[in-house]
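A.B. asks:
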Amino acid sequence: MIEALWNNLDYAASVILFCIGLYAVITRNNLIKKFMGLNIMETAVFAFIVALGVVENGDAPIMGDGASAPFINPLPQALILTGIVVAVSTTALALSLVIRIWRQCGTIEADELREAE
Amino acid sequence: MEVVDARVAIAPAISLLCAALVFAAADHTFWRRFFSLSAALAKLIIVMSMLPGALKGVVYTFDLVEFTPGVGLAFRADALGMFFAVVSSTLWLFTSIYAIGYMEREPNRRRFFGFFALCVSTTVGVAFAENLLTLFLFYETLTICTYPLVVHDETPEAMRAGRTYLAYTLTGGAFVLLGSIWTYQLAGTMTLSQPGILTMEAGRTTLTALFVCLIAGFGVKAAIMPLHGWLPTAMVAPTPVSALLHAVAVVKVGAFGVLRTIYNVFGVDLLQELGVCDWLAALAGITIIAASVIAIFQDNFKRRLAFSTISQLSYIVLGAALLSPLAATAAIVHIANQAFAKITMFFVAGSIQRTTGKTAIHEFAGIGYRMPYTMGAFTVAALSFIGIPLFAGFVTKWYLSLGALESDQWIYALVMLGSSLLNAAYWLPIIYTAFFKSPREDALVHEAHWTMLGPTLLCAAYVLLLGMTVSVPGMPFALAQAAVKFVFGM
Amino acid sequence: MKRAFTITLLIALALVLLNVMADLPPHGSAETPPYTHVGAYYLEHGPEETGSENVVTSVILNYRGFDTTGEVTVIVTALMAVIAVLTGTRDTSQEPDTAVTQIAPSVVVRFIVRVLAPFILVFAVYVILNGHITPGGGFQGGTMLGALIIALTLVLDERRSAKLIPQRSVRVIQVIAPLMFVAIGLFGLIAWGDYLFFPRSEELRPIVEIMLVLIEIGIGVGGAVVFARIFRLMAGRP
Amino acid sequence: MTSWSPLLALFLVIPLVGAVLTPVVSDSSGRRSWGWAVFIMSVTSAMSVSLIVRVLEEGPFSYVIGGWVAPYGIELRFDEFSASVAIVCLLGLLAIVFSRHYAPQALTPERIPYYYTLLLLNLTGMLGFIVTGDLFNLYVFTEILSLSAYALVAISGEKTAEMAAFKYLVMGAVSSLSILFGVGLLYALTGSLNMADVTSRLAGTAHAPLVMAFAALTLGFMVKAALFPLHIWLPDAHAIAPSPVSAVLSGLVVKIGILGMLRVYQMAYGSGAIDLSGLNLTLTWLGAISIVMGAFFAVFQDDIKMMLAYSTISNIGYIVMGLGLASSYSLIGASVHVFNHALIKATLFLGAGALIHQTGQRTLTGLAGIGRSMPFTTAAISIGAISIVGIPPTAGFLCKWYIALGALEAGEPIFAVALVFGALLIFIYYIRMVNAFYFRKPQDAGAPAVHEAPLTMLVPVLILAALCLIMGILGRLPLSFIEPAVTRLLTPLGGG
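Protein chains in written order, with the numbering used here: chain A, 385 to 501; chain B, 2 to 491; chain C, 429 to 666; chain D, 1217 to 1712.
1. Going by beta carbon distance, what residues of the same chain come within less than 8 Å of Ile1474/D, once the five residues before and after it are set aside?
2. Just list the alpha helix (DSSP H) runs in the stretch 246 to 283 of chain B, keeping only unbroken ones of 4 residues or longer that don't cross its boundaries, in chain order.
3. Hey, is Trp183/B's beta-carbon within less than 8 Å of any beta-carbon in chain D?
4. Using a beta-carbon distance cut-off of less than 7 Å, what residues from the stretch 1422 to 1450 of chain D approach chain C?
5. Assuming Tyr623/C and Pro1222/D are in contact, meaning their beta carbons sit under 8 Å apart, how far apart are those beta carbons, in whole angstroms?
6. How would you call Asn414/A, buried or exposed, if buried means at least 16 neighbouring beta carbons within 10 angstroms?
7. Roughly how many whole angstroms lie between the Cα atoms of Ile1/B and Pro1608/D?
8. Could you list the residues in the stretch 1362 to 1389 of chain D with a C-beta less than 7 Å from some C-beta on chain A, going in chain order?
9. Just mark Asp1243/D as buried or exposed, buried being the case when its beta carbon has 16 or more other beta carbons within 10 Å.
10. Just grab the DSSP bridge partners of Val60/B for me.
11. Going by the beta-carbon positions, is the gap between Ala1489/D and Thr1421/D smaller than 8 Å?
12. Over what stretch of residues does the beta strand (DSSP E) that includes Val502/C continue unbroken?
13. Whose Cβ in chain C lies nearer than 8 Å to the Cβ of Leu1232/D?
14. Using a Cβ cut-off of 9 Å, pull out every chain D residue sitting near His465/C, in sequence order please.
15. Would you say Ile511/C faces chain D, with C-beta separation under 8 Å as the test?
16. Using a Cβ-Cβ cut-off of 8 Å, state whether Leu422/A counts as contacting chain D.
17. Pop quiz: Leu1334/D and Ala506/C are said to be a contact at Cβ under 8 Å. What is the actual Cβ separation, rounded to whole angstroms?
18. Report the rounded CA-to-CA distance for Ala1235/D versus Tyr1332/D, giving the unit in angstroms.
19. Is there contact between the stretch 418 to 435 of chain A and the stretch 481 to 501 of chain C, where contact requires at least three CB pairs shorter than 8 Å?
20. Assign Pro445/A to one of two classes, buried (16 or more other C-beta atoms within 10 Å of its C-beta) or exposed (fewer than that).
21. Which residue from Pro149/B, Thr170/B, Leu74/B puts its Cα closest to that of Val237/B?
22. Does DSSP put Phe129/B in a helix, in a strand, or in coil?
23. Along chain D, in chain order, which residues have C-beta atoms closer than 7 Å to that of Gln186/B?
24. Just tell me which of Met385/A, Gly448/A, Leu465/A, Val469/A has its CA closest to the CA of Leu443/C.
25. If the cut is a Cβ gap below 7 Å, which residues of chain D does Phe494/C touch?
26. Take Thr526/C and list the residues in its own chain whose beta-carbon comes closer than 8 Å to its own, dropping the five residues that flank it on each side.
27. In terms of alpha-carbon separation, which member of Ala1558/D, Phe1345/D, Ala1370/D, Phe1430/D lies closest to Gly1467/D?
28. In angstroms with no decimal places, state the Cα-to-Cα distance between Val528/C and Leu582/C.
29. Hey, out of Met425/A, Gly442/A, Ile433/A, whose CA is closest to Asp394/A's CA?
30. When you compare each of Ile336/B, Thr91/B, Ile432/B, Ala26/B to Val252/B by their alpha carbons, which one comes out closest?
31. Starting from Ala75/B, find everything on chain D with Cβ-Cβ shorter than 8 Å and list it in chain order.
32. Is it true that the CB of Val472/A sits closer than 8 Å to the CB of Gly456/C?
33. Note down the Cα distance separating Thr184/B from Gly1627/D, rounded to an integer number of angstroms.
34. Are Ala383/B and Ile432/B closer than 8 Å when you measure CB to CB?
35. Three or more beta-carbon pairs under 8 Å between the stretch 648 to 660 of chain C and the stretch 565 to 578 of chain C, yes or no?
36. What is the DSSP secondary structure of Val528/C, counted as helix, strand or coil?
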């Protein structure tokens, strides 16, 4: 189990990153820090999916001259291009909500907001 | 002999149509009265037109809508259903006339008469239900339609009574739903056309649990003792509503449901094997005695009527639980006897309240002189409850005692005797105060309005009629015997 | 106490996930299902079927074109959401109090940005146009263009930076990305009977190339305007 | 016309383009954007009708985008379960018609065009989610509908709207992430993203990642469906959103979580590679708790929309319990309840919206005695109330009947009891509502004369109330329609 994990180290790293992000989302009080944690989680999942397509000393999947045989799987990269843009959109909306909350309630600390409610 | 006939579906539909028309008729009173009365007459005619056929054993059926095989809305007028429909449609005619008189100056009568018509359409719907699902449908819609009637006065007290009424009846409805789903799952069908659709292979415990579930569901409306709480509090409603609730619609639907469960869902021989009915009979016996004892101490006239209804209803449940042909005849016939006698008493209560404003019994001193006809009708009904021969009540007591002896449970014959004595204990003092005590104010005769007096006298006459004409072929008694023959497979 | 509870919970989750990761097919080997199944098909038939050497672009625009249509719709949804949340607010405090307007960038920053601007622009356009030959494409070029506009907004004063995004037709340009994608898709439907269809035969290759470049431009320009507008809205300017 | 297969692609593309063009089309007054939104939704509804007719005739069919054969391109698949696009289109159209007078009063004029844009995008996202047969495409459409849903909650600009939207966003984003993680794991195990292809290749893959993939997907969809422990975001979000949005959120967006779970079940049962009995049991228990908990909280709410939001949680409990019991009866009941509950909940929310629009009061005490001045709206709400409890002739009854039957058939009478008595609890708070409308005097007699809601509000509410009754009486139609899909779903398991 350990030697299999050692081989899949990239996946393990993305798991650790995911848990750090989740920790931030749950415990951080400041709204901005909260969805920074969210971004860390998103990056972790994207890293995991991209790592699925990597091949030992593979080359970028561009078929121009000078590219050698084992190419990296293009599909995960295409997926993650979409995933990143989704992450950006969620962050944009979250930021504008935080701006509105700041203008209305004057604070972006989750516990103060809960009392204000 | 099954005959497909639309009249079975038209009977409940008539009052639905009438309810719609009454709601549409808004405030002009003439149209509202016209619609209510014409619908009452039309329904009575339709049901009576089916009576001769039913007496000859013809069963009218009509399938309305089929959700899936075995699950659908369908009507079937067998002997038992026919009996209940005849009783409820005749009484609805009398109650409508009485309600028009009683509700003269009351507010929002439009809502009252609309839901009033809806209630009775659901009662006839229950009477003609072919399967448990249709029965549950009308059982629940009845609860919803009677709620606005109970809270008609919109006083806080009425709202509280409405809330208790809903709490009890809705729990009952939930039990009935659970029971019908379970029956469908065990028996594969829910039809009430067979003398018993369940078999022993489902196992003793499941069957007992199902029996308790269904009886609890219907028992709430049949006001069996532990589940009777809502009935006295619902007395707050205007008198025509209490008459409707306690004589024609709600309580009888509960008792009818108990009869259906025992005769058509389980079947007599399965229940004999299960041995569950002894408990039910014991419970009914206790309810009869306890309710009568409580009634003695009630000073408010309508509350005394309420407790007397609780005890009378348990006659029906007791008759059914004894599982003997004679007791079954008594149970079915008592639906009519109790209905007519109790409704007379409520009409009397309403007339007294409307003309003299008195509700407590101790105020009734010398009322007999001022309202001789009304109190005369009351005396007839009281004697019928006590069980004096030539009155309807005697027929039930007689057959019930015979049934008890037939299934060698003589204790219940004693219960019959005891309840007659108790009935005497709480009816005779009223007659005494009404006729033999001198009236405090002036004694000029001051009868109720004819629209209220008429129905009272008619019902009292009917009580007498039922009592005397037992063996005459055309009377409902023959229907009851036909139903018993079908159920016991004689 | 709450923190300790969450930590134990997360450690448990991590252990479960690590166990799952250990059982996954070995990382980097060429026999894993993703590499032998759909991925291999793309690598093998990609260039000659879709006409673009960059297989990732062929996957994005051709094989899984509908994904990317959904993708550009997500950006546009984000923009619409930001506009809906930030503009037309009821409260009176309308003055944009964000830091952007107060801190004037130092003269060094202003000068360098103005000098670099044209080079960034050229490189961004190059990346957009050559998406199907070299690494890059609509998204990457669009982000660079957006970043350029944001940098210029920071540097230039309000009057001149407003001209960066044409005010009159901004409502059309910001949604050009999904529109262009759908237009090309419908063109494929009308010409060859299938939605988003790119002909595979050799002689029609120039038409395919034009279609790909049009989509790239649409995504690039659309993306840039969306990012710039989101930034300006957050800064409190229309 | 019905067998022209690219219609399935156009079915998604036209509302998408329509949504994106709404701000371009609209002028300052927002009236034109309303007309445009109604036009787009009517066209989409027409297409959905022809698609459903086709699935009725030929059974499930699919369409590959760009002509790439299944696992290599994206395949849109339309089966009986995707017939729920009909309810999405119908309800979307009625919600848009309803907002004609509601939006100008609830929102500032500049936001109206973007309100319609986001509503159309939300509906497009749902249509895409239901129709797509590709896992990653499912994720993309989930994002479109979630993003627009977050913004629609915050659009009213009321004091707590932004905070509720933020909470919804954070939980929604985490759940989308868990869905993406599940999709990634399935891709790692099978190498393909097409659902049918994944199902066929799942057998024999490593057990731990397979269980994790399904767990992640189901967890993600549970949050979207607001099932019991993960429902915290729903009450505030649905209560504070404008009423037509709450109708769409409670009626449709929450159902997306359910349909997602159905897709997961299709893959799990189809491949047979995973034994779901553990998951089923937890889902049934969570469903039962949801029913009781949702109904229990609803009883104590005085704000009418908060009460409706809690009743959504309770009804989702019914559907999930039906799914968890995994017997053919309960699955049929659950999938039909997805359709009927959307109808009923929309009647209630739109009706409540009309009441709030006319009187400005949100609480039951404030709305006392409204039955006299707004008879039609309150009549529609009462019909909705009766059908949500499940009194026989109405739409709600049959589904509860089937789910209870499924519970008994699966040998778990305890759940049938929970279901029946859950319905009882639900009835208590709806009687409180009807009580307040009809049987209480209006609070301040001096209130300005409240007259009936305008036509554009009244007609949708009445249509929906009528549908609640019709679907009850014609109960047979959806049941026999869903039956083949459920038997196909369960056959690998031996008929279920």
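Backbone N, C-alpha and C define an ideal beta-carbon position, used for all residues, glycine too.
Values in this document were obtained by computation on a predicted structure and should not be read as measured data.
C.D. replies: Result, derived from the coordinates:
1. Phe1437, Ala1441, Ile1532, Ile1535, Val1536, Leu1539, Ala1550, Val1554
2. 251 to 261, 269 to 275
3. yes
4. When CB distances to chain C are screened at a threshold of 7 Å, the residues of the stretch 1422 to 1450 of chain D falling below it are Ala1422, Ala1424, Pro1425, Met1428, in chain order.
5. 5 Å
6. Around the beta carbon of Asn414/A, fewer than 16 other beta carbons lie within 10 angstroms, which makes this residue exposed.
7. Residue numbering for chain B in the displayed model covers 2 to 491; residue 1/B lies beyond these limits and cannot be assessed.
8. Leu1363, Tyr1366, Ala1367, Ala1370, Lys1375, Thr1376, Glu1378, Met1379, Ala1381, Phe1382, Leu1385, Val1386, Ala1389
9. exposed
10. Glu3/B
11. yes
12. Taken as a continuous stretch (DSSP letters only), Val502/C belongs to no beta strand (DSSP E), being part of the alpha helix (DSSP H) at 493 to 514.
13. Thr497, Thr501, Pro606, Val610
14. Taking the beta carbon of His465/C as reference, the chain D residues within 9 Å of it are Pro1287, Thr1406, Gly1407, Ser1408, Asp1413, Arg1417, listed in sequence order.
15. By this cut-off, Ile511/C is an interface position.
16. yes
17. With 8 Å as the limit, Leu1334/D and Ala506/C do not qualify as a contact, their Cβ atoms being about 11 Å apart.
18. Between Ala1235/D and Tyr1332/D, the alpha-carbon positions lie close to 8 Å from each other.
19. no
20. buried
21. Cα-wise, what sits closest to Val237/B is Pro149/B.
22. coil
23. Leu1621, Leu1624, Glu1625
24. Met385/A
25. Ile1281, Ile1290, Asn1353
26. Interpretation of Thr526/C is limited by its pLDDT of 49, a score under 50 that renders its predicted location unreliable; the figure taken from the coordinates is listed afterwards. Counting only Cβ-Cβ distances below 8 Å, and skipping sequence neighbours, we find Met662, Ala663, Gly664.
27. Ala1558/D
28. In this prediction, Val528/C has a pLDDT of 46, which is less than 50 and means its spatial position is unreliable; nothing more can be read from the coordinates.
29. When each option's Cα is compared against that of Asp394/A, the closest is Ile433/A.
30. Ile336/B
31. Within chain D, no residue comes near Ala75/B; the closest Cβ sits about 13 Å away, beyond 8 Å.
32. no
33. 14 Å
34. yes
35. yes
36. Low confidence applies to Val528/C: its pLDDT is 46, below 50, so where it sits in the model is not reliable enough to give any reading.
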